[in-house]
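K.L.:
Please see the structure below; I have some questions.
2 protein chains.
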Amino acid sequence: MARTTTPAKPGRPRVSLDAEVFAATLRTVHELGYTHATVDRIAAAAGVAKTTIYRRWPSKGALITACLVDAFGPLPVTGTDRTADLAAAIHFGAAKIGEPGIAAAFAGVFTDAIGDPALRQILSTQLQDPYRIVLQKVLGESEQRVLFFIDVVIGTLLHRMGMTGEPMADADVDALVAMIQRDFSPEVA
Amino acid sequence: MARTTTPAKPGRPRVSLDAEVFAATLRTVHELGYTHATVDRIAAAAGVAKTTIYRRWPSKGALITACLVDAFGPLPVTGTDRTADLAAAIHFGAAKIGEPGIAAAFAGVFTDAIGDPALRQILSTQLQDPYRIVLQKVLGESEQRVLFFIDVVIGTLLHRMGMTGEPMADADVDALVAMIQRDFSPEVA
DNA sequence: CAGTATCGATACCGAAAGTAGCATAACTAG
DNA sequence: CTAGTTATGCTACTTTCGGTATCGATACTG
Numbered sequence: 000m001a002r003t004t005t006p007a008k009p010g011r012p013r014v015s016l017d018a019e020v021f022a023a024t025l026r027t028v029h030e031l032g033y034t035h036a037t038v039d040r041i042a043a044a045a046g047v048a049k050t051t052i053y054r055r056w057p058s059k060g061a062l063i064t065a066c067l068v069d070a071f072g073p074l075p076v077t078g079t080d081r082t083a084d085l086a087a088a089i090h091f092g093a094a095k096i097g098e099p100g101i102a103a104a105f106a107g108v109f110t111d112a113i114g115d116p117a118l119r120q121i122l123s124t125q126l127q128d129p130y131r132i133v134l135q136k137v138l139g140e141s142e143q144r145v146l147f148f149i150d151v152v153i154g155t156l157l158h159r160m161g162m163t164g165e166p167m168a169d170a171d172v173d174a175l176v177a178m179i180q181r182d183f184s185p186e187v188a
Numbered sequence: 000m001a002r003t004t005t006p007a008k009p010g011r012p013r014v015s016l017d018a019e020v021f022a023a024t025l026r027t028v029h030e031l032g033y034t035h036a037t038v039d040r041i042a043a044a045a046g047v048a049k050t051t052i053y054r055r056w057p058s059k060g061a062l063i064t065a066c067l068v069d070a071f072g073p074l075p076v077t078g079t080d081r082t083a084d085l086a087a088a089i090h091f092g093a094a095k096i097g098e099p100g101i102a103a104a105f106a107g108v109f110t111d112a113i114g115d116p117a118l119r120q121i122l123s124t125q126l127q128d129p130y131r132i133v134l135q136k137v138l139g140e141s142e143q144r145v146l147f148f149i150d151v152v153i154g155t156l157l158h159r160m161g162m163t164g165e166p167m168a169d170a171d172v173d174a175l176v177a178m179i180q181r182d183f184s185p186e187v188a
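Respectively, the protein sequence lines represent chains A and B. Using numbering that gives the first Met the number 0, you'd call the opening residue of the first sequence number 0 and step up by one each time. Using numbering that gives the first Met the number 0, you'd call the opening residue of the second sequence number 0 and step up by one each time.
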């Protein structure tokens with residue numbers, strides 16, 4: 000009965016350090032970029048030992064991915080208004096990618112994933128799939144169509160961030176919403 | 000008169016190694032990914048010394064960018080048929096990003112650029128600007144609008160490649176073309 | 001108190017970006 | 001043919017970073 004709350008295992012308990020470590024990760028990546036945000040620096044910023052980081056996450060890429068999953072959080076959709084949910088999902092993505100460190104972390108783990116199938120698997124299942132599933136349900140679209148939607152929204156926002164170093168301006172986000180609204184509306188023909 | 004062909008300077012001439020080095024770069028990046036494609040390996044694959052690489056390009060990122068500029072080449076547009084040119088530009092991007100090594104190289108230099116303003120400058124001016132200028136002329140659109148177009152096309156294609164490790168399927172490229180054709184057509188209202 | 005598992009700290013390994021130095025090859029000018 | 005100049009190949013080196021091993025200290029259970 001109490002199994003879920005108190006397994007009562009021996010040894011020193013492993014307290015949650017996710018909040019400190021994730022905050023330190025985003026702060027460090029934001030200041031130094033993905034390449035120069037070393038695990039040493041992240042650990043120091045979080046006030047923990049580097050070895051503690053590696054006891055909890057198997058690699059730098061896995062740490063960053065977990066950090067992204069935590070930072071994005073649940074999609075704010077209602078399920079009642081398809082048009083509003085479509086816009087909400089895009090604005091949600093734009094806001095998150097505009098937060099300090101998120102885009103740099105995303106692009107970095109992305110690059111590592113191209114040469115590392117295991118990391119790509121983590122990225123795809125842990126970060127993309129939850130949103131894909133929710134969006135398929137809320138938008139009533141096929142898996143292929145939702146994956147296309149995610150490619151367009153996230154890809155566009157990341158490309159802008161990478162090329163300019165700044166988040167996409169509101170006017171362009173609105174243009175993105177308008178374009179996708181047209182494309183994902185039921186055909187009138 | 001002959002200044003352009005024969006400056007007749009003393010010393011050992013610097014023959015062009017671009018072809019060999021660029022080919023070796025794409026081959027190596029394709030096989031090992033951006034991170035594991037070391038300059039040592041690229042130099043070995045090209046049959047030159049690593050120091051020769053660094054005498055011609057200031058950093059790994061600059062080498063990759065130059066390689067991308069060379070690989071993409073000129074945009075195949077006619078300037079006479081706006082709709083056809085729009086589709087041609089997208090298919091051109093999709094084909095290039097699908098070529099072995101291109102996507103990995105692109106994503107890698109992208110990541111480095113986020114934490115390196117100098118590299119971002121190189122990427123923006125040497126790779127993006129030429130296409131932006133041609134597209135502004137051919138499509139008759141504003142700079143802002145063309146930059147948005149590039150963000151959507153390249154961002155979408157790169158995101159798909161990064162998430163799946165495979166180029167975007169033709170059906171999805173066609174969907175991308177259709178969506179953008181609608182968005183960039185003159186309003187009927 | 002005994003047993004167990006975590007933490008911090010230090011040291012360490014291997015790989016990779018980038019640099020320095022030098023002998024040598026290739027070319028020009030006399 | 002010789003002297004001067006520049007590029008190349010090669011080796012060695014420095015620095016940085018991802019990741020691992022080890023060990024004493026700490027925090028919990030029974």
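Built from N, CA and C at the ideal position, the CB exists for glycine as well.
So for GLU30 (chain A), helix, strand or coil by DSSP?
P.N.:
GLU30 (chain A) falls in the helix class under three-state DSSP.
K.L.:
What residues in its chain sit with their C-beta under 7 Å from that of SER156 (chain B), if we drop five residues either side in the sequence?
P.N.:
According to the sequence provided, residue 156 (chain B) is Leu. The question's Ser does not apply to it. Counting only Cβ-Cβ distances below 7 Å, and skipping sequence neighbours, we find GLY92, ALA93, ILE96, MET167.
K.L.:
Excluding sequence positions up to five away, which residues of its chain have a Cβ less than 8 Å from the Cβ of ILE89 (chain B)?
P.N.:
VAL152, VAL172, LEU175, VAL176, ILE179
K.L.:
According to DSSP, is MET167 (chain A) helix, strand or coil?
P.N.:
In this structure, DSSP gives MET167 (chain A) a state outside helix and strand, which the three-state scheme calls coil.
K.L.:
Can you give the beta carbon distance from GLY161 (chain A) to ALA106 (chain A), rounded, assuming they're within the 8 Å contact cut?
P.N.:
Sure, about 6 Å apart at Cβ, within 8 Å.
K.L.:
What is the rounded straight-line gap between the Cα of ARG40 (chain A) and the Cα of ASP84 (chain A)?
P.N.:
39 Å
K.L.:
Can you tell me which of B:LEU62, B:TYR130, B:TYR33 puts its alpha carbon nearest to the alpha carbon of THR19 (chain B)?
P.N.:
Reading the sequence as shown, one finds Glu at residue 19 (chain B) and not Thr. It is B:LEU62 whose Cα lies nearest to the Cα of GLU19 (chain B).
K.L.:
Report the residue from B:GLY46, B:ASP182, B:VAL68, B:PHE21 whose alpha carbon sits nearest the alpha carbon of LEU122 (chain B).
P.N.:
B:VAL68
K.L.:
Using a beta-carbon distance below 7 Å, is THR155 (chain B) in contact with chain A?
P.N.:
yes
K.L.:
Does the stretch 131-139 of chain B come close enough to the stretch 123-132 of chain A to have 3 or more Cβ pairs within less than 8 Å?
P.N.:
no
K.L.:
Is there at least one Cβ from chain B nearer than 7 Å to ILE189 (chain A)'s Cβ?
P.N.:
No information on residue 189 (chain A) is available, as it lies outside the stretch 0 to 188 that chain A covers here.
K.L.:
Would you say SER123 (chain B) lies against chain A (beta-carbon separation less than 7 Å)?
P.N.:
yes
K.L.:
Which residues of chain A have a Cβ atom closer than 9 Å to the Cβ of VAL151 (chain B), listed in chain order?
P.N.:
VAL151, GLY154, THR155, HIS158, LEU175, MET178
K.L.:
At what residues does the alpha helix (DSSP H) containing ALA100 (chain A) begin and finish?
P.N.:
According to the sequence displayed, residue 100 (chain A) carries Gly and not Ala. Secondary structure note for GLY100 (chain A): it is in no alpha helix (DSSP H), with a DSSP letter that is neither H nor E.
K.L.:
Grouping DSSP H, G and I as helix and E and B as strand, with all else coil, what is GLY78 (chain A)?
P.N.:
Residue state, collapsed to three classes: coil.
K.L.:
Pick from A:ALA23, A:ARG181, A:ARG144: whose alpha carbon is nearest that of LYS49 (chain A)?
P.N.:
A:ALA23
K.L.:
Measuring CA to CA, which of B:GLU98, B:ASP80, B:ALA103 is closest to ALA184 (chain B)?
P.N.:
Reading off the sequence shown, one finds Ser at residue 184 (chain B), where the question assumed Ala. Of the candidates B:GLU98, B:ASP80, B:ALA103, the residue whose Cα lies closest to the Cα of SER184 (chain B) is B:ASP80.
K.L.:
May I ask you to report which of helix, strand or coil DSSP gives ARG13 (chain A)?
P.N.:
coil
K.L.:
Given ARG2 (chain A), which residues of its chain have a CB within under 7 Å of its CB, disregarding the five upstream and five downstream residues?
P.N.:
Residue confidence for ARG2 (chain A) is low, a pLDDT of 40 falling below 50, so the modelled location carries little weight and cannot support an answer.
K.L.:
My understanding is that VAL28 (chain B) touches ALA103 (chain B), with C-beta atoms under 8 Å, so please give their C-beta distance in whole angstroms.
P.N.:
5 Å
K.L.:
Using the C-alpha atoms, what's the distance from LYS8 (chain B) back to GLN143 (chain A)?
P.N.:
60 Å
K.L.:
Residues of chain B with a CB under 9 Å from the CB of THR34 (chain A): which are they?
P.N.:
THR110, ASP111, ILE113, GLY114, ASP115, listed in chain order.
K.L.:
Does THR77 (chain A) pass the burial test, meaning 16 or more other C-beta atoms within 10 Å, or should it be called exposed?
P.N.:
exposed
K.L.:
Determine whether the beta carbon atoms of GLY32 (chain A) and LEU118 (chain A) lie at a separation below 7 Å.
P.N.:
no
K.L.:
Mind checking if ASP171 (chain A) is an interface residue toward chain B, Cβ cutoff 7 Å exclusive?
P.N.:
yes
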